[in-house]
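These notes are about the structure you will find just below.
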Amino acid sequence: MPQDMVLYMLTLPKTYNIISITSLYGFYYHIKEHWRPFLLYDDVYLFGDSVARGIIVDEQGKYVPIKECFSALVAEKLGINLVNKARFGCTITKGFDILRRYISGERAPLPTGKGVGLAVLEFGGNDCDFLWDQVAAKPEAEHLPATPLAEFSALYSQMIDTMRSHGLRPVIMSLPPLVADRYFDWITRNGLDRRAILSWLGDVQQIFRWHERYDEAVRRIASVKSCPLLDIRKAFLEKSNYREYMCQDGIHPNREGHRLIESAFEAYASRADSFLLA
Numbered sequence: 023m024p025q026d027m028v029l030y031m032l033t034l035p036k037t038y039n040i041i042s043i044t045s046l047y048g049f050y051y052h053i054k055e056h057w058r059p060f061l062l063y064d065d066v067y068l069f070g071d072s073v074a075r076g077i078i079v080d081e082q083g084k085y086v087p088i089k090e091c092f093s094a095l096v097a098e099k100l101g102i103n104l105v106n107k108a109r110f111g112c113t114i115t116k117g118f119d120i121l122r123r124y125i126s127g128e129r130a131p132l133p134t135g136k137g138v139g140l141a142v143l144e145f146g147g148n149d150c151d152f153l154w155d156q157v158a159a160k161p162e163a164e165h166l167p168a169t170p171l172a173e174f175s176a177l178y179s180q181m182i183d184t185m186r187s188h189g190l191r192p193v194i195m196s197l198p199p200l201v202a203d204r205y206f207d208w209i210t211r212n213g214l215d216r217r218a219i220l221s222w223l224g225d226v227q228q229i230f231r232w233h234e235r236y237d238e239a240v241r242r243i244a245s246v247k248s249c250p251l252l253d254i255r256k257a258f259l260e261k262s263n264y265r266e267y268m269c270q271d272g273i274h275p276n277r278e279g280h281r282l283i284e285s286a287f288e289a290y291a292s293r294a295d296s297f298l299l300a
């Protein structure tokens, strides 16, 4: 009997004693075939913003966390320990700070005998955002995003290098597509001058195009740094109407969106060239 099967059997609750050896063999090899990549990692770390944290907009228009976010769904389905270090409003700068603090004192030792942990990164949505009250007040002025694109790319690359030097294997998530008109309505819902902001933008879809530039940067970083890319954006855009998977603010996936991300994650993890393979 394979050693990892024996170890797996030892983790089963006593109620599983009714399973025959034949059935257990079948179940074991099903797991090995479909989810074998996950057997290589005891821990998966998640760094990112409110999307990774599992924040949605509820019926009252408030930001609330949900238990059935994609990270929790994936962790439960695959039986992995997922350490979620994502935070609401997190930019790449804040995320890098969280990583530094974590590896300097908070983090548990690396998985025994494997020497590497998996780290999933999800950044860009807050980095590309602007201070819309300032834009509305002075639409004729120049305004910079929270993290300018060149700085975003440089910090992202440095974060990847830092992870690798501390035994973490980085995996990059693409950005879920935003819904431009919903986001425009959201940022102006409390009275900001829509005309002023629109005069600065040029047109509402510029919000989508600008956000897309950060997604393109993420893809370039993944390519240059030889990091696996978990392309959740593709999963959304392949839908006939991806708007149905987004909250009313236009930037956060809703409950259905989180299930879509979960499905994309699991489908990619089961591929032969999965980022979870050694």
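Those letters in the sequence shown? Residues 23 to 300, by the working numbering.
Using N, Cα and C, we set each Cβ at its ideal position, and we do this for glycine too.
- Under DSSP, methionine 268 shares a beta bridge with Pro275.
- Taken through DSSP and simplified to helix, strand or coil, valine 105 comes out as strand.
- The alpha-carbon of leucine 223 is positioned some 23 Å away from that of valine 240.
- According to DSSP, residue pairing for phenylalanine 69 in a beta bridge involves Leu143.
- Between isoleucine 229 and alanine 202, the C-beta gap is smaller than 7 Å, which places the two residues in contact.
- As computed with DSSP, tyrosine 85 is found in a beta bridge with Val79.
- Residues Asn103, Val105, Pro133 and Gly139 of the same chain have their beta carbon placed closer than 7 Å to that of aspartate 65, with the five preceding and five following residues left out of the count.
- In the DSSP assignment, arginine 191 falls within the beta strand (DSSP E) that extends over 190 to 195.
- Under DSSP, leucine 252 shares a beta bridge with Met195.
- Burial is judged here by how many other beta carbons sit within 10 angstroms of a residue's own beta carbon; leucine 153 has fewer than 16 and is exposed.
- By the Cβ criterion, the region 284 to 292 is in contact with the region 246 to 265, since at least three pairs of Cβ atoms, one from each stretch, lie closer than 8 Å.
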